[in-house]
Amino acid sequence: MISLTNIEKVYRTDTIETLALNSISLDIAKGEFLSIMGPSGCGKSTLLNIMGLLDTPTRGQVQIADQPTQHLNDKQLAHFRNKKIGFIFQSYHLINDLKVLDNVELPLLYRHSAAKERRLLATAALEKVGLSNRIRHFPTQLSGGQKQRVAIARAIVGQPEIILADEPTGNLDSAMGHEIMDILLTLNKTEGTTIIMVTHDEIMARKTHRLVRLFDGTQVQ
Amino acid sequence: MLLNYFKIAIAVLRRRKFFTFISLFGISFTLTIMLVLTAFITSLVGNKYPDKKRDRLLYIRNMELTGPQSMNSSNVSFYMLDHYVRSMATPVQIAIATPYKGTNTYLNNRKIEVNYKYTNADYWQVLDYDFLEGKPYTAQQVAAGERVTVISEYMKKAYFGNTPLVTGQYIEADNVKYRISGVVKSIPITNYLLYSDIYLPYTVSKTDYTGKGYLGNYTGILLANSKAAVPKIQQEYEAIIARLPLPSKEYDHLYSHALPYMQAYVATGDEKRSGMNRVLLAISIFTLLVMLLPTLNLVNINVTRILERSSEIGVRKAFGASSSTLVQQFIIENLLLTLLGGVIGVVLSAIILYSFNHAHLVANLHLVLNFTVLGIGLLICLVFGLLSGVYPAWRMSRMHVVTALKA
Amino acid sequence: MFKHLFILIWNKKKQNFLLLTEVLISFIVLFAVFTLLVFYYRNYKTPRGFDYQQVWVATYTNNFNIHDSDSLHQFYESLRNAIQAMPQVVSVAFVSSNTPYSNNMQMNGLQYQKRQLRSVNSYIVENSYLPTLQLQLLEGQWFSPADAAARKTPLVIDQTLREELFGNGPAIGQLVGDDNQQQIIGVVQDPKFNNDYSLTGKAMFSAPDTGSIRSLSRALVRVAPGADAALEGRLYKLMANTMKNANIQIEHLDEKRNSANNFALLPMIILAVVCGFLIINVALGLFGVLWYNINKRRGEIGLRRAVGATGSSIAWQLVAESLLLATLALLVGVFFAIQFPLLHVFDLAATTYLWGLLFAIVFIYVLVLVCSLYPGKQAAAIYPAVALHED
Chain U
16 MISLTNIEKV YRTDTIETLA LNSISLDIAK GEFLSIMGPS GCGKSTLLNI
66 MGLLDTPTRG QVQIADQPTQ HLNDKQLAHF RNKKIGFIFQ SYHLINDLKV
116 LDNVELPLLY RHSAAKERRL LATAALEKVG LSNRIRHFPT QLSGGQKQRV
166 AIARAIVGQP EIILADEPTG NLDSAMGHEI MDILLTLNKT EGTTIIMVTH
216 DEIMARKTHR LVRLFDGTQV Q
Chain V
111 MLLNYFKIAI AVLRRRKFFT FISLFGISFT LTIMLVLTAF ITSLVGNKYP
161 DKKRDRLLYI RNMELTGPQS MNSSNVSFYM LDHYVRSMAT PVQIAIATPY
211 KGTNTYLNNR KIEVNYKYTN ADYWQVLDYD FLEGKPYTAQ QVAAGERVTV
261 ISEYMKKAYF GNTPLVTGQY IEADNVKYRI SGVVKSIPIT NYLLYSDIYL
311 PYTVSKTDYT GKGYLGNYTG ILLANSKAAV PKIQQEYEAI IARLPLPSKE
361 YDHLYSHALP YMQAYVATGD EKRSGMNRVL LAISIFTLLV MLLPTLNLVN
411 INVTRILERS SEIGVRKAFG ASSSTLVQQF IIENLLLTLL GGVIGVVLSA
461 IILYSFNHAH LVANLHLVLN FTVLGIGLLI CLVFGLLSGV YPAWRMSRMH
511 VVTALKA
Chain F
2 MFKHLFILIW NKKKQNFLLL TEVLISFIVL FAVFTLLVFY YRNYKTPRGF
52 DYQQVWVATY TNNFNIHDSD SLHQFYESLR NAIQAMPQVV SVAFVSSNTP
102 YSNNMQMNGL QYQKRQLRSV NSYIVENSYL PTLQLQLLEG QWFSPADAAA
152 RKTPLVIDQT LREELFGNGP AIGQLVGDDN QQQIIGVVQD PKFNNDYSLT
202 GKAMFSAPDT GSIRSLSRAL VRVAPGADAA LEGRLYKLMA NTMKNANIQI
252 EHLDEKRNSA NNFALLPMII LAVVCGFLII NVALGLFGVL WYNINKRRGE
302 IGLRRAVGAT GSSIAWQLVA ESLLLATLAL LVGVFFAIQF PLLHVFDLAA
352 TTYLWGLLFA IVFIYVLVLV CSLYPGKQAA AIYPAVALHE D
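Protein chains in written order, with our numbering: chain U, 16 to 236; chain V, 111 to 517; chain F, 2 to 392.
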């Protein structure tokens, strides 16, 4: 599904170069649930951003769904992300100015779907995460766990083949964290969605199929 | 897609009431000023009464004589118009008239101020005054020096009160009784080239108009056959002026022009300082000043808000919005805001113009929001929306997704 | 601390640039408006120098067929006596067309020793002009019938012209004009003939002679309180019957003064209103930007609190930062503004500019202070733990 070959990422400022990722090669199969662990600053978020085409590697190749990505322009990248990938962030990143339903509809908006279809799909997605009674609320009126469930609904509404989750349970207490984890596991099992999750939590990581450990930009496991 | 932009924009505007208020305040106020200004300008120079054939008319107002030591600028003499201008081949008709001057009349110990203007008979053909009753005085009456007059509706009311018809009655002005030949619809004093309360035949003028100097106290209005003939008249007049012998050794140059209404309206009578340029300069500086600060303010707010909205931008990019889509969204949001401000501005200007008209600050001047004014207002809104939206949108689109999500 | 703030601003120069520009332009607008206001106010405070109340001005076209000046003298004399004899008429004077509030100007040059002064207002007036307009005589004397015997043409000047010509030296008796043909006999206080908000400038008065008597075209008539339209009508008839060929108009100086004042004030009022709205606009914008800047810097503020800054010192820091930013904009603005008095761009006194400058600076500081106080107070209320956690 995703294939990374010799990925290297260098951050340059005026004075120093920092090597964030050092020749990472990784193959992720379709339907796999992979977790990435490592200490702060080891480059795991950078790796996730590169997989999500939010960031470009300095060297190396990213193939998603058997398609090379390095020659895509801004518009094509946007389209590719929209179709193939769903994102979940540690700090939810919901748009506070929009209601829950409108937040979930967002990916469909950039697909030019009809309003009726958007509504239908978004309601279905919210039902899957158990939030169908909160669709007219604003994000600020929700608890952290509820916000993250809205974010998951947003990630799955476009039925992407891949979901990238950056510490989805990082801001939640353990009960809520397990709830979120259960939703992701169900998703992976029933829909066959490929999920890549960055986490700090050993317990959560053990629930996934495979664990990758990074240290100082290098893969150690 | 467009509908969604609107929906998002309205949601954002409603949620950020303070910023919406600041933006709307700036936009609507700016637009109000611009609309009131254009309403003034269009009513000053856009109202084609009584010069309904404006694009076929040329005005001769001034002549300027200059020399190394001296400069003399004044209206032209009757002789100059009657002798030189009347012999021109290109104009169809020539109206000759003095600028309006003031006098008084006393009616039952009540003082009435009367502005008078001496004209020839062709004046009534060249210009299309609306006669409410009676008719203009004829060439025969002018030639015979009859004491007849055309008065304005305003004067009729001031002098006769509510008498229904006054044609044939006498009005005393300047210690002379004139028989009323007709009553015309009033024009505001701001149209000072044609304004007067009473119009009199030049032959009853108390001033000697037969002098043969170039300078005097008359102005001419030349009617062209067609719009295309206007430049020919101007050329012919310039040629006549070029041939005129200088009146004395004091002077070495002589200037006079046949000008279209707008230029005649703002003419200063000074060859070196064109009235048109000064008016345009004044208006541009004013516009720049009034537009610049609110625009800068709005840009400032928008840039600040982009930083505030960086998470939103990041999410949108992550879920499939390209940079150009985001720029579009932001500009539409801003245009919507400016248009909303525009609507408020139009309402405000309507209120201001309404109160101006009802305060009767200038008699017979009625300011209206016509389609030209609204069109200009809409244009200003669009320019405003683009000016204040493009730079922030550009800043936003350049923002990197990863940084946007981190902030 | 000061240096610390400066570094903060400098490091964010890109973000602050727009804010700086806005403050700078606001300052320039304020400077222009305040300078004008000060100019108007100072002129308004200057004494008027004459009395306009109970004075009428009759305008007539002077195209009578009297060709020699002696007959013209007699004509005016008899008309003057006839008007003077009317009840309720206090005094009357025939003058040239540049009467108060008339917008008419007559400018002449004036020679004094080797100097040629330009643009001196020249008024041709009869002797009764002084009591009619009640001009204030400061030095010397006014015209009198005895002047007819004088060898030099007598001339009365105003205070401004006196200072321009003679400074603090003696004025009375000085000879001026081409070939020293004129002699200063009196100095009057500057009259404000245009309107209450502008000065007329250099002025000189002379009695009508054989040539200038032809330029008389106005009669100034001082009437007793209670004079009404009936008297005006009789005066009108008298003049119209005496001057057969003339168009005549009678106006009141107090009404003319009102319209002249309105005409002068209107642009000022429009300017002030527009400027007021611009400033409200800028103030709201400034407030919004400062507020958001503080929200954006919650982390920084939390850290400052954590390392020991008190709430009030945080508030003070933010207010001081804004004021420092304003100062930077003002430095640029003052540099431009100061060129006006230095280069004498317009004919205004340097102190007028300086007052305008002062008011504009104070206004900007007050504006920025007011706009940053509330956000500053908000910042002081930030709890370090909460702010740092969010970051």
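Positions of the beta carbon are idealized from the N, C-alpha and C atoms, including for glycine.
Close Cβ partners of residue i (< 7 Å) along its chain, the five nearest in sequence each way excluded
i      : result
V:T448 : I137, C491, F494, G495
U:V119 : A137, A140, L141, V165, A168, R169, V172
F:R223 : Q55, V56, V91, S92, T133
V:Y309 : K227, T229, T259, V260
Cross-strand partners of residue i (DSSP beta bridge)
i      : result
V:A207 : V:T229, V:T329
U:R225 : U:L49
V:I490 : According to DSSP, which records beta bridges pairwise, V:I490 is partnered with nothing at all.
F:W57  : F:V222, F:H253
U:I100 : U:I177
F:A204 : F:N122
V:I281 : V:Y288
V:N214 : V:E223
F:P155 : F:Q184
V:G244 : V:G292
F:F95  : F:A220
F:Q16  : None; F:Q16 has no bridge partner.
V:T173 : The sequence as given places Met at residue 173 of chain V; Thr does not occur at that position. DSSP lists V:S184 as partners of V:M173.
F:G141 : F:G187
U:L19  : U:L41, U:V77
Cβ shell of residue i (< 8 Å), same chain only, five flanking positions each side left out
i      : result
V:V437 : A503, W504, M506, S507
F:N64  : N246, A247
V:I462 : T142, V146
V:N407 : I132, G136
F:D392 : Because F:D392 sits at a pLDDT of 44, beneath the cut-off of 50, its placement in the model cannot be relied upon, and the point is left open.
U:K114 : I150, R151, H152, F153
F:Q112 : L118, V177, G178, D179
V:R196 : I204
Residues near residue i in its chain [Cβ-Cβ closer than 6 Å; skip 5 each side]
i      : result
F:G312 : A381
U:G232 : L34, A35, L36, N37, G58
U:V227 : I51
Check whether the region 26-42 of chain U and the region 79-96 of chain U touch, using three or more Cβ-Cβ pairs below 8 Å as the test. no
Should the region 2-17 of chain F be regarded as contacting the region 173-181 of chain V, the criterion being three or more beta carbon pairs within less than 8 Å? no
Using a Cβ cut-off of 9 Å, which residues of the region 118-130 of chain V contact any Cβ in chain F, in chain order? F128, F129
Decide if the region 255-266 of chain F is in contact with the region 48-61 of chain F; the criterion is three or more beta carbon pairs, one per stretch, under 8 Å apart. yes
Scan the region 268-339 of chain F and note each continuous alpha helix (DSSP H) run of 4 residues or more that stays entirely inside, going in chain order. 299-307, 312-338
Contact between the region 394-404 of chain V and the region 364-375 of chain V is defined here as three or more beta-carbon pairs at a separation below 8 Å; is this criterion met? no
Near-chain U residues of the region 417-442 of chain V - C-beta to any C-beta below 9 Å: R419, S421, E422, G424, V425, R426, K427, A428, F429, G430, A431, S432, S433, S434, T435
Would you check if the region 95-103 of chain F and the region 190-210 of chain F touch, i.e. whether three or more CB-CB distances between them fall below 8 Å? yes
Which residues of the region 125-159 of chain F have a Cβ closer than 8 Å to any Cβ of chain V? Give them in chain order. none
Give a yes or no on contact between the region 228-240 of chain F and the region 224-233 of chain V, applying the rule of three or more CB pairs nearer than 8 Å. no
Per the contact definition of three or more C-beta pairs closer than 8 Å, is the region 343-352 of chain V in contact with the region 207-216 of chain V? no
Is it a yes or a no for the region 71-88 of chain U touching the region 103-120 of chain U, going by three-plus beta-carbon pairs under 8 Å? no
Residues in the region 393-418 of chain V with C-beta within 9 Å of chain U's C-beta atoms, listed in sequence order? none
Cβ-based contacts, 7 Å cut-off: residues of the region 89-107 of chain U near chain V: D89, K90, A93, H94, R96, N97, F102, F104
Chain V contacts from the region 62-75 of chain U (Cβ-Cβ distance under 8 Å): N64, G67, L69, D70
Identify every run of the beta strand (DSSP E) within the region 127-200 of chain U, keeping only runs that are complete inside it and at least 3 residues long; order them along the chain. 177-181
Are the region 215-228 of chain U and the region 40-55 of chain U touching by the rule of at least three beta carbon pairs closer than 8 Å? yes
Unbroken stretches of the alpha helix (DSSP H), 4 residues or longer, contained in the region 55-121 of chain U: 59-66, 89-99
What alpha helix (DSSP H) runs, 4 residues minimum, are completely inside the region 65-112 of chain F? 70-85
Along the region 501-515 of chain V, what residues have a CB closer than 7 Å to any CB found in chain U? V511, V512, L515
Ranges of the beta strand (DSSP E) found wholly within the region 426-512 of chain V, counting only runs of at least 3: none
Within the region 134-178 of chain V, note down every full beta strand (DSSP E) run reaching 3 residues or more, in order along the chain. 167-170, 173-176
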